[in-house]
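Down below is the structure, laid out as structure tokens.
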Amino acid sequence: GNSVTQMEGPVTLSEEAFLTINCTYTATGYPSLFWYVQYPGEGLQLLLKATKADDKGSNKGFEATYRKETTSFHLEKGSVQVSDSAVYFCALSEFYFGSGTKLNVKP
Amino acid sequence: DTGVSQDPRHKITKRGQNVTFRCDPISEHNRLYWYRQTLGQGPEFLTYFQNEAQLEKSRLLSDRFSAERPKGSFSTLEIQRTEQGDSAMYLCASSSWDTIYFGEGSWLTVV
Chain H
1 GNSVTQMEGP VTLSEEAFLT INCTYTATGY PSLFWYVQYP GEGLQLLLKA TKADDKGSNK
61 GFEATYRKET TSFHLEKGSV QVSDSAVYFC ALSEFYFGSG TKLNVKP
Chain C
108 DTGVSQDPRH KITKRGQNVT FRCDPISEHN RLYWYRQTLG QGPEFLTYFQ NEAQLEKSRL
168 LSDRFSAERP KGSFSTLEIQ RTEQGDSAMY LCASSSWDTI YFGEGSWLTV V
């Protein structure tokens with residue numbers, strides 16, 4: 001069946017640190033993969049997506065590459081800011097979401 | 108604002124009562140989704156519509172839950188005989204292709 005597993009949080013980093021949030025999946029077929037972000041007090045919003053193997057999604061300095069060989073879609077950012085503090089969700093198609101990883105960035 | 112809107116935003120109800128949530132999707136989006144989210148978890152898919160047709164339902168959607176989208180525009184999610192375990196945020200989302208836009212959710216507390 002289909003499922004998504006992402007690393008548990010919270011993740012606490014200092015400003016300008018490098019960020020990786022791991023996400024792995026199991027899937028039948030070749031679904032699209034997504035990262036969503038939920039800022040405090042707001043709804044989920046799409047951060048980036050990739051629709052096929054080896055695609056790289058990017059937005060606001062965040063990147064993730066659809067790796068079929070490792071069934072992964074890890075989220076990375078080279079230099080985080082305090083404003084990136086939020087909960088991040090990895091998703092496989094519209095139907096399967098990870099449990100979320102809370103990121104706290106300290107000044 | 109032309110995003111996905113949900114109503115009410117918060118609902119407190121007594122166990123055994125019925126509740127109904129409404130979702131207005133982004134205009135012209137033909138797909139509409141309902142999810143449930145509890146604290147510390149990601150959204151769990153409940154059901155979705157393509158226009159007015161309900162195409163898929165999760166096994167999470169017990170027979171106490173019913174969703175409609177009568178004219179392919181707004182949708183309602185009704186929970187009958189609410190239980191404490193139904194306490195959660197109910198999220199609605201819409202899409203026209205593979206990018207989903209979420210509403211801010213409707214919080215349900217069953218006491």
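Sequence lines, in order, name chains H and C.
Anchor point for the first sequence: position 98 equals 98 in the numbering used here, and the numbering is continuous, going up by one each time.
Anchor point for the second sequence: position 4 equals 111 in the numbering used here, and the numbering is continuous, going up by one each time.
We treat Cβ as the ideally placed atom computed from N, Cα and C, and that holds for glycine.
Out of the options, which one is the CA nearest neighbour of residue i?
i: Gly179(C); options: Asp193(C), Lys164(C), Gln124(C) and Gln157(C); result: Gln157(C)
i: Phe62(H); options: Val4(H), Gly43(H), Tyr36(H) and Thr71(H); result: Tyr36(H)
i: Val126(C); options: Asp114(C), Pro132(C), Ile133(C) and Glu135(C); result: Asp114(C)
i: Asp55(H); options: Ser79(H), Tyr30(H) and Gly78(H); result: Tyr30(H)
Under 8 Å, Cβ to Cβ, is there at least one residue of chain H near residue i?
i: Ile207(C); result: yes
i: Gln157(C); result: no
i: Gln161(C); result: no
i: Glu211(C); result: yes
i: Gly179(C); result: no
i: Tyr197(C); result: no
i: Gln148(C); result: yes
Note down, in chain order, each residue of its chain lying with its Cβ closer than 6 Å to the Cβ of residue i, except the 5 sequence neighbours on either side.
i: Ser124(C); result: Looking at the sequence shown, residue 124(C) is not Ser but Gln. Excluding residues within five positions, the ones whose Cβ falls inside 6 Å are Thr189.
i: Thr183(C); result: Thr127, Arg129 and Glu175
Under the three-state reduction of DSSP, which class applies to residue i: helix, strand or coil?
i: Asp84(H); result: helix
i: Asp170(C); result: coil
i: Asp193(C); result: helix
i: Phe156(C); result: strand
i: Gln6(H); result: strand
i: Phe204(C); result: According to the sequence shown, residue 204(C) is Trp rather than Phe. Note: Trp204(C) maps to coil in three-state DSSP.
i: Ala27(H); result: coil
i: Ile186(C); result: strand
i: Ala64(H); result: strand
Should residue i be counted as a contact of the ligand GTP given a C-beta to heavy atom distance under 7 Å?
i: Leu168(C); result: In the structure on display, the ligand GTP does not appear, and there are no ligands present to speak of.
Please go through the same chain and pick out, in chain order, the residues whose beta-carbon is closer than 7 Å to the beta-carbon of residue i, but skip the five residues on each side of it.
i: Ser194(C); result: Leu215, Thr216 and Val217
i: Thr12(H); result: Asn104 and Lys106
Tell me, to the nearest whole angstrom, how far the beta carbon of residue i is from that of residue j; I am working on the premise that it is less than 8 Å.
i: Lys121(C); j: Ser213(C); result: Wrong, their Cβ atoms sit about 17 Å apart, outside the cutoff.
i: Leu75(H); j: Ala64(H); result: 5 Å
i: Phe73(H); j: Leu33(H); result: 4 Å
i: Gln187(C); j: Arg171(C); result: 5 Å
Using a Cβ-Cβ distance under 8 Å, would residue i count as near chain C?
i: Ser99(H); result: yes
i: Gln45(H); result: yes
i: Phe89(H); result: yes
i: Glu63(H); result: no
Using a Cβ-Cβ cutoff of less than 8 Å, which residues in the same chain neighbour residue i once the five nearest sequence positions on both sides are dropped?
i: Leu44(H); result: Tyr36, Val37, Gln38 and Phe89
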